[in-house]
Amino acid sequence: MIVKIVFIISTLILLNFNIYANNELNHDIIPVAALFSPPNQFKLGFSPDGKYISYFGEYNKGGGLLIVNSENPKNVIASFDLKQGLYDYMWAYDNRHILYLQSKDNQKSNQLYIYDLETKQTTLLTPESEIKVKFFAKRINKSHKILIGLKSKEQQYFDIYELNLLDYTKKLIMKNNKFVGFLIDNDLNIRVGIYKNNKGEEEYFQFKNNKWVFLMKLTPEDIAYTGFHGFDASGNNIYLLDGCSKGTVTLKLLNLNNGKMKLLAEDAKADINILAIHPTTKEIQAVVTEYDKVTYKILDASIKEDVEYLKRLNLGNMYIMHRGLDDKIWIVGFDNDVKPFRYYKYNRENKEIKLLFSSKSELEKYSFAPMNPVIIKSRDGLDLVSYITLPNNIELSNKIYPNKPLPLVLLVHGGPNRRDRWGMNKEHQWLASRGYVVLSVNFRGSTGFGKSFQNAGNREWGGKMQDDLVDAVNWAIKNKIADPKRIAIMGSSYGGYAVLAGLTFTPELFACGIDVAGPPDLIADLKNFPKDYNLKKNPLEIKIGSYKTRKQREKLIKQSPITYANNITKPLLIIQGAKDSVVKQSESDKMVEAMSKYNIPVIYALYKNEGHSFCDPYSKISYHYIAERFLAKHLGGKFEAFDYRILNSSELLLNGCIPSEKLLEDLLNK
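Remember, this note's numbering sits 36 above the position in the sequence shown when you count from 1.
So, in structure tokens, the structure goes:
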């Protein structure tokens with residue numbers, strides 16, 4: 037899909053020009069195509085010495101993996117055509133080689149290639165047919181070697197090979213018939229194997245005295261909160277983000293000799309989610325938490341001055357993306373609420389910082405609306421970290437309160453084991469530029485705020501999780517931010533479920549709703565969920581519930597919006613991908629059928645070539661066009677004139693018919 041995304045950027049730009057050629061550019065309305073077309077650069081990588089930057093982007097009217105000079109990013113050193121199926125890559129520590137994976141069958145099998153920057157030669161390393169390749173490890177002190185995994189279509193587990201970058205030979209290190217993953221030390225030794233048992237638990241075995249010895253076990257619930265992050269310099273200890281307790285995720289050091297853990301860092305309100313690691317010693321020098329905004333806690337004073345200097349620039353949430361092996365040059369990224377994500381090259385010696393590029397240069401000319409964090413109390417006393425964006429050019433009674441109530445869109449995140457965060461949010465900016473207040477809420481069940489907060493959402497779909505959203509809306513009404521007669525609810529996946537729950541459980545609260553791939557029937561959703569889907573961070577029975585007993589089924593039926601389809605009295609737009617394997621088309625079909633049974637009108641936009649996450653930019657752009665027309669009809673905001681040909685470009689059916697301007701108008705007026 038990366039291939040298609042990048043390849044059509046130039047087409048979108050041309051189409052965008054045609055759409056706006058007859059309109060005066062209005063910097064208050066940010067064009068949908070500008071917001072939701074692919075970024076200029078994504079999947080960035082950096083050579084270990086910091087001389088080169090690599091990324092996926094547009095090149096020569098198509099998509100490519102580009103290698104550019106970090107001093108002059110316009111100087112392209114090498115490029116690789118994405119149309120051949122290239123989808124992932126990595127730099128070797130020798131600063132000479134870049135390895136990439138290529139697949140032409142949706143990654144069911146792939147091939148490994150290597151490019152030599154000195155000879156300019158590309159070599160296929162895995163000529164075997166129907167084989168799967170995976171990167172496992174690379175280490176600084178063995179810069180000419182990389183551990184990779186290989187398996188045939190008959191194999192369940194990856195065998196481990198040592199790839200020699202000097203002669204491109206592969207040496208079998210371990211024949212694997214058990215482990216789904218490994219912990220590998222700084223000398224490329226396999227020290228710990230990870231076994232997944234039939235209960236969904238992860239069992240960790242240490243390779244000690246030429247045999248595998250049991251080390252520890254994680255329950256399915258604890259797997260979601262726990263991660264291993266490399267060995268320290270001694271090779272006896274592993275850095276561990278530990279979320280097994282009821283509190284927040286903490287940083288610990290696990291001693292492999294005695295099994296004891298040492299606490300290194302913690303935060304009372306938010307999980308540690310990012311680590312700043314020294315490029316050669318592998319010492320963890322700082323941890324990052326994110327309550328309402330990003331916060332650094334320094335563990336090594338040698339980087340304190342740099343972090344504080346970069347924070348003082350006030351360019352947004354700061355992320356250390358890459359550090360050269362001599363640690364003199366850092367590549368840092370800044371996420372700002374009113375600017376596209378930007379990448380900078382920072383020289384630690386002279387404190388010089390240089391802009392490399394903006395992730396979306398087309399957006400630099402537009403004025404964005406500030407996003408403000410707010411803490412909203414739930415009815416039972418939980419703090420809900422939330423974010424509110426007001427339209428530009430409105431009079432304020434204070435920083436986040438308008439002087440009169442405005443139409444509001446409650447934007448609900450998916451997952452639900454995800455979170456909303458401060459920064460450049462394209463959905464917020466799209467809606468704010470149309471004249472709406474936008475409110476996003478980290479309801480219970482969201483990640484980032486500790487295990488207890490996330491577990492408070494277990495089996496509370498349509499219950500306390502939905503109450504949190506209702507409480508946030510009532511907060512906005514009470515504070516005269518939202519016009520109570522003009523409130524919409526919108527979301528994707530779990531957020532789509534919340535939309536359906538909002539219109540069925542509290543039909544008087546919302547003026548309309550936009551559901552993108554939301555499950556209306558929880559029992560059907562559990563039964564249809566793909567068996568091979570990665571549930572490591574979301575065990576369904578824990579998060580949603582079970583349908584094994586009659587009592588359990590009755591509870592899920594009560595939590596399912598389709599049970600109360602006849603309660604819907606407000607306009608609903610359902611957006612669904614026909615190839616969705618997570619929330620199947622049949623589930624949205626049944627919701628539409630249930631509403632039709634009660635003669636309740638609904639607009640049903642079915643994208644024939646999309647799955648659960650919309651990947652084709654044409655689809656993203658067209659559904660946002662439809663959504664803003666829908667919102668304008670029912671909330672009274674602005675919308676953008678557009679060429680209806682883009683709807684046909686996205687393989688879309690509107691209520692079973694080929695879309696047209698007349699059809700959309702007819703559906704909106706029902």
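Just so you know, even glycine gets a beta-carbon here, dropped at the ideal spot from N, CA and C.
Could you give the residue range of the beta strand (DSSP E) that holds Ser624?
Walking along the sequence shown from the start, residue 624 turns up at place 588. Premise fails: Ser624 lies in the alpha helix (DSSP H), Gln621 to Lys633, not in any beta strand (DSSP E).
Over what stretch of residues does the beta strand (DSSP E) that includes Asn602 continue unbroken?
Within the sequence shown, the letter at position 566 stands for residue 602. Per DSSP, Asn602 belongs to no beta strand (DSSP E) and is neither H nor E.
What are the partner residues of Lys144, as DSSP defines its beta bridges?
For this step, residue 144 is matched to residue 108 along the sequence shown. Answer is none; Lys144 lacks a bridge partner.
CB of Cys693 within 7 Å of CB of Leu700, strictly:
The residue given as residue 693 occupies position 657 in the sequence shown. The residue given as residue 700 occupies position 664 in the sequence shown. No.
Report the residue from Met407, Ser488 and Tyr659 whose alpha carbon sits nearest the alpha carbon of Ser469.
Sequence index remark: in the sequence shown, residue 469 carries index 433 (1-based). Minimum Cα distance to Ser469 is reached at Met407.
Same chain, Cβ closer than 6 Å to Ala621, neighbours up to 5 away in sequence not counted:
Taking the sequence shown and counting its residues from 1, the one referred to as residue 621 is at position 585. Rather than Ala, the amino acid found at residue 621 in this sequence is Gln. So the qualifying residues of the chain are Gln612 and Ala614.
Terminal residues of the continuous alpha helix (DSSP H) containing Trp511?
Here residue 511 is taken as the residue at index 475 of the sequence shown, counted from 1. Unbroken alpha helix (DSSP H) run through Trp511: Lys500 to Lys514.
In the structure shown, what three-state DSSP assignment does Leu539 receive?
The residue labelled residue 539 in the question sits at position 503 within the sequence shown. In this structure, Leu539 counts as helix in the three-state DSSP scheme.
In terms of DSSP beta bridges, what is Ser528 paired with?
Taking the sequence shown and counting its residues from 1, the one referred to as residue 528 is at position 492. For Ser528, which the question treats as bridged, DSSP gives the partners Val552.
Does DSSP put Tyr659 in a helix, a strand or coil?
Stepping through the sequence shown from its first residue, residue 659 is reached at position 623. Helix at Tyr659.
Within the present structure, is the beta-carbon of His180 separated from the nearest heavy atom of the ligand NAD by less than 6 Å?
What this structure holds is no ligand at all, so the ligand NAD is not there to describe.
Count the other CB atoms within 10 Å of the CB of Ala677; is the residue buried (16 or more) or exposed (fewer)?
Taking the sequence shown and counting its residues from 1, one reaches residue 677 at position 641. So Ala677 counts as exposed.
Where does Glu127 sit, in a helix, a strand or coil, going by DSSP?
Taking the first residue of the sequence shown as position 1, residue 127 is located at position 91. This sequence places Trp at residue 127; Glu is not what is there. Three-state DSSP puts Trp127 in a strand.
On the three-state DSSP scale, how would you describe Val104?
On the sequence shown, residue 104 is found 68 positions in, with the first residue counted as 1. Note: Val104 maps to strand in three-state DSSP.
With H, G and I counted as helix, E and B as strand and the rest as coil, what does DSSP make of Asn225?
Within the sequence shown, residue 225 is the residue found at index 189, counting from 1. Looking at Asn225 - three-state DSSP - the assignment turns out to be coil, as it is neither helix nor strand.
For Ile176, count the other beta carbons within 10 Å of its own beta carbon; 16 or more makes it buried, fewer makes it exposed. Which is it?
Within the sequence shown, the letter at position 140 stands for residue 176. Under this definition Ile176 is an exposed residue.
In whole angstroms, give me the CA-to-CA distance for Ile196 and Lys364.
The residue given as residue 196 occupies position 160 in the sequence shown. The residue given as residue 364 occupies position 328 in the sequence shown. Cα to Cα, Ile196 sits roughly 34 Å from Lys364.
Which whole-angstrom value describes the C-beta separation of His449 and Gly531, a residue pair presumed to lie in contact below a C-beta threshold of 8 Å?
Position 413 of the sequence shown, counted from the start, is the residue given in the question as residue 449. Position 495 of the sequence shown, counted from the start, is the residue given in the question as residue 531. 6 Å between Cβ atoms; contact.
On a Cα-Cα basis, can you pick out the residue from Ser528, Lys521 and Asn105 that is closest to Phe546?
Translated into the one-based positions of the sequence shown, residue 546 becomes position 510. Comparing Cα positions, the closest option is Lys521.
Are the CB atoms of Gly100 and Leu118 within a distance shorter than 7 Å?
Taking the first residue of the sequence shown as position 1, residue 118 is located at position 82. Taking the first residue of the sequence shown as position 1, residue 100 is located at position 64. For Leu118 and Gly100, yes; Cβs fall inside 7 Å.
So, do the region 626-633 and the region 652-659 have three or more beta carbon pairs nearer to each other than 8 Å?
no
Are three or more beta carbon pairs between the region 475-489 and the region 443-457 nearer than 8 Å?
yes
Leaving out five residues on either side along the sequence, give the residues of the same chain with a beta carbon under 8 Å from the beta carbon of Asn111.
Numbered from 1 along the sequence shown, position 75 holds the residue referred to as residue 111. So the qualifying residues of the chain are Val104 and Asn105.
Beta-carbon proximity check, Tyr95 vs Gln77, cutoff 7 Å
What you label residue 95 is simply residue 59 of the sequence shown in a count that begins at 1. What you label residue 77 is simply residue 41 of the sequence shown in a count that begins at 1. Their beta carbons are not under 7 Å apart, which means Tyr95 does not touch Gln77 by this criterion.
Among the candidates Thr286, Lys381 and Asn461, whose CA atom is the shortest distance from the CA of Trp366?
The residue labelled residue 366 in the question sits at position 330 within the sequence shown. Closest option to Trp366, Cα to Cα, is Lys381.
Have a look at Tyr193 and Glu238 and give me their C-alpha separation to the nearest angstrom.
Residue numbering aside, residue 193 sits at position 157 when the sequence shown is read from its first letter. Residue numbering aside, residue 238 sits at position 202 when the sequence shown is read from its first letter. About 15 Å.
Starting from Pro256 and walking both ways along the alpha helix (DSSP H), at which residues does that stretch end?
As a working note, residue 256 is residue 220 in the sequence shown. Looking at the DSSP string, the run of the alpha helix (DSSP H) that includes Pro256 is Pro256 to Ile259.
Which class does Asn58 belong to by DSSP, given the choice of helix, strand or coil?
Within the sequence shown, numbered from 1, the residue matching residue 58 stands at position 22. With a pLDDT of only 30 at Asn58, under 50, the local geometry of the prediction cannot be trusted, and no value is derived from it.
Residues bridged to Gln157 [DSSP beta-bridge criterion]:
Your numbering for residue 157 matches position 121 in the sequence shown. DSSP lists Asp152 as partners of Gln157.
In whole angstroms, give me the CA-to-CA distance for Gly481 and Leu292.
As a first step, residue 481 is located in the sequence shown; it is residue number 445 there, counting from the start. As a first step, residue 292 is located in the sequence shown; it is residue number 256 there, counting from the start. Distance between the alpha carbons of Gly481 and Leu292: 33 Å.
If we require 3 or more residues per run, which beta strand (DSSP E) segments fall completely within the region 195-222?
195-200, 206-210 and 217-220
CA-CA distance, Leu202 and Asn273?
Numbered from 1 along the sequence shown, position 166 holds the residue referred to as residue 202. Numbered from 1 along the sequence shown, position 237 holds the residue referred to as residue 273. Rounded to whole angstroms, Leu202 to Asn273 spans 31 Å at the Cα level.
May I have the straight-line CA-CA distance separating Pro67 from Glu398, to the nearest angstrom?
For the purposes of this step, residue 67 is taken as residue 31 along the sequence shown, with counting starting at 1. For the purposes of this step, residue 398 is taken as residue 362 along the sequence shown, with counting starting at 1. Looking at the two C-alpha atoms, the distance is approximately 10 Å.
Using CA coordinates, which residue listed in Ile604, Gly263 and Ser529 is at the minimum distance from Pro555?
What you label residue 555 is simply residue 519 of the sequence shown in a count that begins at 1. Residue Ser529 is the option with its Cα nearest to Pro555.
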